[in-house]
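Q:
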Amino acid sequence: MPVVQIITTGGTIASRIDPATGAAFPVMRATELVAQIPELSQHAQVGVDEFGLVPSWDMTPATVLRLARTIRSTLAAGDVDGVVVTHGTDTMEESAFALDLLFDGEQPVVITGAMRNASQPGSDGPRNLLSAVRVAASINTRGLGVAVVMNDQMHAPRYVTKSHTTATDTMISPGVGPIGTVDDSGVWLRWRPARLPRMPLVEPEPRVYLVRMAAGMDDLFLRVLHRERARGVVIEGSGAGHMPGQWRSSLVQLLESGTPVVLTSRCGRGRIVPIYSGDLGGVTLRKMGVIPAGDLTGLKARIALMFALGAGWEPAQIMSYFARAGADDEVTIT
Ligand code: ASP
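For the sequence shown, my numbering begins at 1 and goes up steadily by one.
#1: Does the beta-carbon of Asp56, which I'm using as the reference point, lie nearer than 7 Å to any heavy atom of the ligand ASP?
#2: So what's Tyr209 in DSSP terms, helix, strand or just coil?
#3: Roughly how far, in whole angstroms, is the beta-carbon of Ile17 from the beta-carbon of Asp49, given that I think they are within contact range, below 8 Å?
#4: Jot down the residue ranges of each uninterrupted beta strand (DSSP E) in the segment 19-63, minimum 3 residues, whole runs only, in chain order.
#5: Suppose the cutoff is 6 Å on Cβ atoms and the five residues either side in sequence are ignored; what does the same chain contact list for Val187 look like?
#6: Among the residues of its own chain, which have a CB less than 8 Å from the CB of Glu39, if the five just before and after it don't count?
#7: Taking just the CA atoms, how far does Thr60 sit from Leu99?
#8: By the DSSP assignment, the beta strand (DSSP E) with Val3 in it spans what residues?
#9: Measuring only the C-alpha atoms, how far is Thr334 from Arg158?
#10: May I ask which residues mark the beginning and end of the beta strand (DSSP E) holding Thr181?
#11: In terms of residues, what are the limits of the alpha helix (DSSP H) holding Leu201?
#12: Span of the alpha helix (DSSP H) holding Gly282?
#13: What does DSSP give as the partner residues of Glu236 in its beta bridges?
#14: Evaluate Gly143 with the Cβ neighbour count: other Cβ atoms within 10 Å of its Cβ, from every protein chain shown; 16 or more gives buried, anything less gives exposed.
#15: How would you write the range of the beta strand (DSSP E) that Ile111 sits in, first residue to last?
#16: Roughly how many angstroms lie between the CA atoms of Val234 and Ala325, to the nearest whole one?
#17: Taking the DSSP output, what are the residues bridged to Lys338?
#18: Compare the Cα-Cα distances from Gly312 to each of Leu299, Ser15 and Glu205 and report the closest residue.
#19: Below 8 Å, how does it come out for the segment 220-240 and the segment 296-310: are there three or more Cβ pairs, yes or no?
#20: Give me the Cα-Cα distance between Pro178 and Ile272, rounded to the nearest whole angstrom.
#21: Along the chain, where does the beta strand (DSSP E) containing Gln153 start, and where does it finish?
#22: Compute the Euclidean distance between the alpha carbons of Thr284 and Val34, then round it to the nearest angstrom.
#23: Please list, in chain order, all residues of the same chain as Gln317 whose beta carbon is under 7 Å from its beta carbon, the five residues on each side excluded.
#24: Using 8 Å as the cut-off, can you tell me whether the segment 111-125 makes contact with the segment 154-172, which would need three or more C-beta pairs spanning the two stretches below that distance?
#25: Does Trp247 come out as helix, strand or coil in the three-state DSSP assignment?
#26: Suppose the cutoff is 6 Å on Cβ atoms and the five residues either side in sequence are ignored; what does the same chain contact list for Gly145 look like?
#27: If I follow the unbroken alpha helix (DSSP H) through Met150, where does it start and stop?
#28: With hydrogens ignored, establish whether the beta-carbon of Thr91 is closer than 7 Å to any heavy atom of the ligand ASP.
#29: Taking DSSP as the reference, what is the three-state secondary structure of Ile17?
#30: Could you give the distance in angstroms between the alpha-carbon of His242 and the alpha-carbon of Pro193?
#31: Closest to Asp183 by C-alpha separation, out of Ala156, Arg212, Lys162 and Met150, would be which residue?
#32: Please classify Leu296: does DSSP put it in a helix, a strand, or coil?
#33: Within 7 Å: the Cβ of Ala358 and any heavy atom of the ligand ASP?
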């Protein structure tokens, strides 16, 4: 029988409605989560570890670093075939991506959560936890790295995003789809995603900010970021990676002060492609030294930049790291 360790962090999957307030909050112990699902024992021998009990809007990349260290020592202790992390869905995509950058073990690490709390009829928590344990226990998922399992689908951290405020099928991978499914007859891994190179387990730089381009919005955020000495900036530009011409001088100020500026797209599918000249088309931005982040979303590029800066990487090293995310034609991802 495979051995799976369940590490709990909170979120809706651990939430109940408090009759006094009528509002939900994470309160459930790890043993309660497991006790709801007698079927678990048919698939794995499970152990539990209570790492935290927070809603995921309070999760941080620094907390994920501690989680990665916990997972590493759990696996180093031996005899564990896979790990399941329960987590709120709000920031699941960021934590999953950060863990995938930091984790280099053979055993799968599966992140799951719920959209309906344990007090609600049709709560999806028990089913998602059961499916996650089955994925973590499966022989098919060894060497996969980190996977998000929700609604009987498996997603790659690099592509997964929360797409609906309340629906149980909220987790999707725009443009590429799920990497696999779980059904009554087994765990079906259809394809293995390209993973980015591992990052060192170092404290992430917290002063990295994400700015979304909006039509006609002036450069106030960039000016503030320069004045307040942000360590790194990620911009979600329009289309294939563009910004309003009016942003030029504050962008130049940021770049001249040595602040790495990483470019992503607000589209959510596709990669950054230098097509246009002029202020501030993609060809111009590339000449200015803005770092294209391939097909990473702004949220994911920010996570990578935080760990890169935490490791003390120079701009050239950061540039070549993001090139592995499909920012340059010459790079083939294996
Ligand atoms: N709605 C969220 C969830 O699904 C709350 C959170 O992210 O903790 O868990």
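Yeah, the Cβ is synthetic: ideal placement off N, Cα and C, and Gly gets one too.
A: In brief:
#1: What sits at residue 56 in the sequence shown is Ser, not Asp. Yes.
#2: Looking at Tyr209 - three-state DSSP - the assignment turns out to be strand.
#3: Separation of the CB atoms of Ile17 and Asp49 is rounded to 26 Å, and the pair is thereby denied contact status at 8 Å.
#4: Qualifying beta strand (DSSP E) stretches, in chain order: 23-26 and 45-54.
#5: Correct list, in chain order: Arg134, Val135, Ser138 and Asn140.
#6: Within its own chain, the residues whose Cβ lies closer than 8 Å to the Cβ of Glu39, once the five positions on either side in sequence are excluded, are Leu130, listed in chain order.
#7: Taking the straight line joining both Cα atoms gives about 12 Å.
#8: Residues Val3 to Gly10.
#9: Residue placement at Thr334 cannot be trusted, given a pLDDT of 43 that sits under 50; what the coordinates show is reported in the next sentence. Annotation: Thr334 to Arg158 spans about 14 Å, alpha carbon to alpha carbon.
#10: Gly180 to Asp183 is the extent of the beta strand (DSSP E) around Thr181.
#11: First-last for Leu201: undefined, no H or E at that position.
#12: Its alpha helix (DSSP H) spans residues Gly282 to Met288.
#13: Paired residue(s): Arg212 and Thr264.
#14: Exposed, since its Cβ has fewer than 16 Cβ neighbours within 10 Å.
#15: Counting along the chain, the beta strand (DSSP E) containing Ile111 begins and ends at Val109 to Thr112.
#16: Approximately 15 Å between the Cα atoms of the pair.
#17: As displayed, the chain neither begins before 1 nor continues past 334, which places residue 338 out of reach and without an answer.
#18: Distances from the alpha-carbon of Gly312 to those of Leu299, Ser15 and Glu205 put Glu205 closest.
#19: Contact between the segment 220-240 and the segment 296-310 is present, with at least three C-beta pairs closer than 8 Å.
#20: Approximately 22 Å, taken between the alpha carbons.
#21: Element bounds for Gln153: Gln153 to His155.
#22: Going by the C-alpha atoms only, they are around 54 Å apart.
#23: Excluding positions up to five away in sequence, the list is empty.
#24: With the cut-off at 8 Å, the segment 111-125 and the segment 154-172 touch.
#25: Looking at Trp247 - three-state DSSP - the assignment turns out to be helix.
#26: Excluding residues up to 5 positions away in sequence, Asp100 and Arg195 lie with their Cβ nearer than 6 Å to the Cβ of Gly145 in the same chain.
#27: No alpha helix (DSSP H) holds Met150; the beta strand (DSSP E) holding it covers Val146 to Met150.
#28: At least one heavy atom of the ligand ASP lies closer than 7 Å to the C-beta of Thr91.
#29: Reduced to three states, the DSSP call for Ile17 is strand.
#30: Answer to the nearest angstrom: the Cα atoms are 28 Å apart.
#31: The option with the nearest alpha carbon to Asp183 is Met150.
#32: In the structure shown, Leu296 sits in coil (DSSP, three-state: anything other than H, G, I, E or B).
#33: Limits of the chain in this structure are 1 at one end and 334 at the other, which puts residue 358 out of reach.
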